[in-house]
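Those sequence lines, one after another, are chains A and B. One point on numbering: in full-length UniProt numbering, the residue at position 37 of the first sequence is 37, and numbering is uninterrupted. One point on numbering: in full-length UniProt numbering, the residue at position 58 of the second sequence is 58, and numbering is uninterrupted. Built from N, CA and C at the ideal position, the CB exists for glycine as well.
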Amino acid sequence: MAIGPGLNIAVDEKRFGVSEPLFKGLRFDIAPGSVVALIGPSGIGKSTLLRMIAGIDSDFAGIITVDGTPAAMAPTPGFVFQDPRLLPWLTAMNNIRAVDPRCTPKQAASALQRVGLADAAGLYPHQLSGGMQRRVALARAVAVNASLLLLDEPFVSLDRALVAEMRTLFRAVVGDGQPTVLFVSHLADDAARLADRVIVLQQRPATIVADIALPIAPRSRDEAVLADYRQMVDRH
Amino acid sequence: MSRAVATRANLGTRRNGWLEVLSLPLLLLLWQVLSMVFAHRLFPSPILVAEEMWRAATAGNLLVDLGKTLVRVSIAFVVAMVLGTIIGIALGRVRWADRLFSAWVVVGLNLPAIVVAIVLFIWLGLTEVALVLAVIVNKVPLVIVTMREGVRSFSADFDELGRVFRMPPLRRLRLIFVPQLVPFVLAAARTGLSLIWKIVLVFEVLGSDGGVGYRIAIMFQFFDIAGILAYSASFILVVLAFEYGVLRPLERRALRWQSVPG
Chain A
1 MAIGPGLNIA VDEKRFGVSE PLFKGLRFDI APGSVVALIG PSGIGKSTLL RMIAGIDSDF
61 AGIITVDGTP AAMAPTPGFV FQDPRLLPWL TAMNNIRAVD PRCTPKQAAS ALQRVGLADA
121 AGLYPHQLSG GMQRRVALAR AVAVNASLLL LDEPFVSLDR ALVAEMRTLF RAVVGDGQPT
181 VLFVSHLADD AARLADRVIV LQQRPATIVA DIALPIAPRS RDEAVLADYR QMVDRH
Chain B
1 MSRAVATRAN LGTRRNGWLE VLSLPLLLLL WQVLSMVFAH RLFPSPILVA EEMWRAATAG
61 NLLVDLGKTL VRVSIAFVVA MVLGTIIGIA LGRVRWADRL FSAWVVVGLN LPAIVVAIVL
121 FIWLGLTEVA LVLAVIVNKV PLVIVTMREG VRSFSADFDE LGRVFRMPPL RRLRLIFVPQ
181 LVPFVLAAAR TGLSLIWKIV LVFEVLGSDG GVGYRIAIMF QFFDIAGILA YSASFILVVL
241 AFEYGVLRPL ERRALRWQSV PG
């Protein structure tokens, strides 16, 4: 699988209405094939930034590019929402195919197989458990674009067992290739376990207060390393 | 789902199915008993009404009248549904249009059906067009309101899903918007049909040269209660056939994702 694209974020200003700007002079790059966690308190603008990178919010001054192409014109990213957001009237397979007309049944089945749901292709969302629905959502994102994944709080509102399951799945999907991944979270633990770089946002307008590299590969991190990484992130 | 739970669920479904099958025969039985208790010329039994229906169908004008009324109902139903759906969707999606025209819809909803009919009969004469138009004018506001509420209840999350994955407009319409609208279309169709055929009958009494309502008005002058009930029952049979032969299967097919056993 090809290495994921590089991202360049240069937001001069983003505001909603006449309120104080959400972002002002926010600039950072994301290297191709890196896994970056965007950490910060609720309401700081993490999800908004993710949507700007996805190209659906272009109401801002500045430019965001994906491999040099403006975000809105770049290939559709694989996007995972905070909730599974599956269309209840479509089966798991058709939920994947719905968002990508080029996706064949074979490709959709393969995406489901990657997340361990090979037997669930014909099931409707209400027939799937919460964890299975999340996995279908991840399969959908991978089927659309496995080289650029944008995840908005992918582990929020899940019980601990399900969080562990989803993290394992996340590592497996990322490990299959070298996608560029940007995920939003408000938990240092998510970043410590999964990312190789953490960007911490604070204040309003949102400012990068820390840009931390986590050099040890996620699979090789033991509890001591994780505790150390958590502490590094939490310090900010 | 465990086998025991599945079996219980199946038994429950089967029992409910039987109850539905028994529903109409029970009504007929009650009618029969009441007609025997209150034995009177003006309270005919269902058997007598059925005989009258057969006679009117074979030797009378029942089928011709039924055909005339059905044509009027069908035209009014289709036009009202199409117009109401288009306007309802527009008002649900375009805020300024809703603000500008919502008062018109309220006026339309509260305009007495009989007034609309009389005004149109005066303007256009006792014509087929006036009758059908009067029915449409009465029904369209109801469809608009149902559709507008349906569109307003669309999930913004699914809207965002379509935008994030850059689904083409037609694909979004087919896979995101239409499935959300279907329950409202079915609701509008069901209430619409029941309302339309009642209005058509009233307007046929008021001014037409045939149809179920026209014939009932003549029978009323002779206190021919068996004939009136025979004509009414025959139309109810048509409506029931439409409900069970068209609407229900359509509903089952369109909403099967809601009822697939888990």
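Around the beta carbon of S155/B, fewer than 16 other beta carbons sit within 10 angstroms, so the residue counts as exposed. Closer than 7 Å to the CB of P183/B there is not a single CB belonging to chain A. The beta-carbon distance between I196/B and V73/B, rounded to whole angstroms, is 5 Å. This is short enough to meet the 8 Å contact definition. According to DSSP, residue pairing for L151/A in a beta bridge involves V80/A and F183/A.
Taking 7 Å as the cut-off, the Cβ atoms of M147/B and I89/B count as close.
Between the alpha carbons of L50/A and V119/B lies a distance of about 59 Å.
When 7 Å is used as the limit between beta carbons, P101/A is near these residues of chain B: R171, in chain order. Per the C-alpha coordinates, the member of A137/A, F23/A, V200/A and T207/A positioned closest to M93/A is A137/A. The three-state secondary structure of P88/A, taken from DSSP, is coil.
Look at P154/A: its C-beta is not under 7 Å from any C-beta on chain B.
One alpha carbon belongs to G245/B, the other to V239/B, and they sit about 10 Å apart. In the three-state scheme derived from DSSP, where H, G and I count as helix and E and B as strand, A37/A is classed as strand. Remark: C-beta atoms of L42/B and I225/B approach each other more closely than 7 Å. The way I'd put it, the stretch 130-149 of chain B doesn't touch the stretch 65-81 of chain A; fewer than three beta-carbon pairs between them come closer than 8 Å.
S35/B and E51/B have their C-alpha atoms some 15 Å from each other. Looking at the DSSP output, K24/A shares a beta bridge with E13/A. With a cutoff of 7 Å on beta-carbon distance, A117/B and F203/B are scored as near each other.
In this structure, the alpha-carbon of P218/A lies about 55 Å from that of R99/B. Residue environment for V37/B: exposed (fewer than 16 other C-beta atoms within 10 angstroms of its C-beta). Distance between V80/A and I39/A, taken at the CA atoms: about 16 Å. In this structure, the alpha-carbon of L186/B lies about 42 Å from that of R160/A. By the criterion of at least three beta-carbon pairs nearer than 8 Å, the stretch 48-63 of chain A is not in contact with the stretch 121-140 of chain A.
Per DSSP, D159/A lies in no alpha helix (DSSP H) segment and is marked neither H nor E. Contact note: A98/A reaches chain B through L175, using a C-beta cutoff of 7 Å and chain order.
I96/A is positioned such that its CB atom lies no closer than 7 Å to that of A141/A.
Closer than 7 Å to the CB of I56/A there is at least one CB belonging to chain B.
One finds F165 and R166 in chain B with Cβ atoms closer than 7 Å to the Cβ of T76/A, taken in chain order. For the stretch 162-189 of chain B, the continuous alpha helix (DSSP H) assignments of 4+ residues that do not extend past its boundaries occur at 169-172, in sequence order. DSSP places V115/A outside both helix and strand once states are collapsed to three, so it counts as coil. Contact of R219/A with chain B is not assigned, every C-beta pair being separated by 7 Å or more. Linking H40/B to V21/B through their CA atoms gives a straight-line distance of about 30 Å. Proximity of chain B to P105/A at the Cβ level (cut-off 8 Å) is not reached, the minimal Cβ distance being about 16 Å. The C-beta of F79/A comes closer than 7 Å to at least one C-beta of chain B. Contact annotation for P88/A against chain B: W257 [CB-CB distance below 7 Å, chain order]. In this structure, the beta-carbon distance from V140/B to G84/B falls below 7 Å.
Looking at the backbone, the Cα of A146/A and that of M52/A are separated by about 19 Å.
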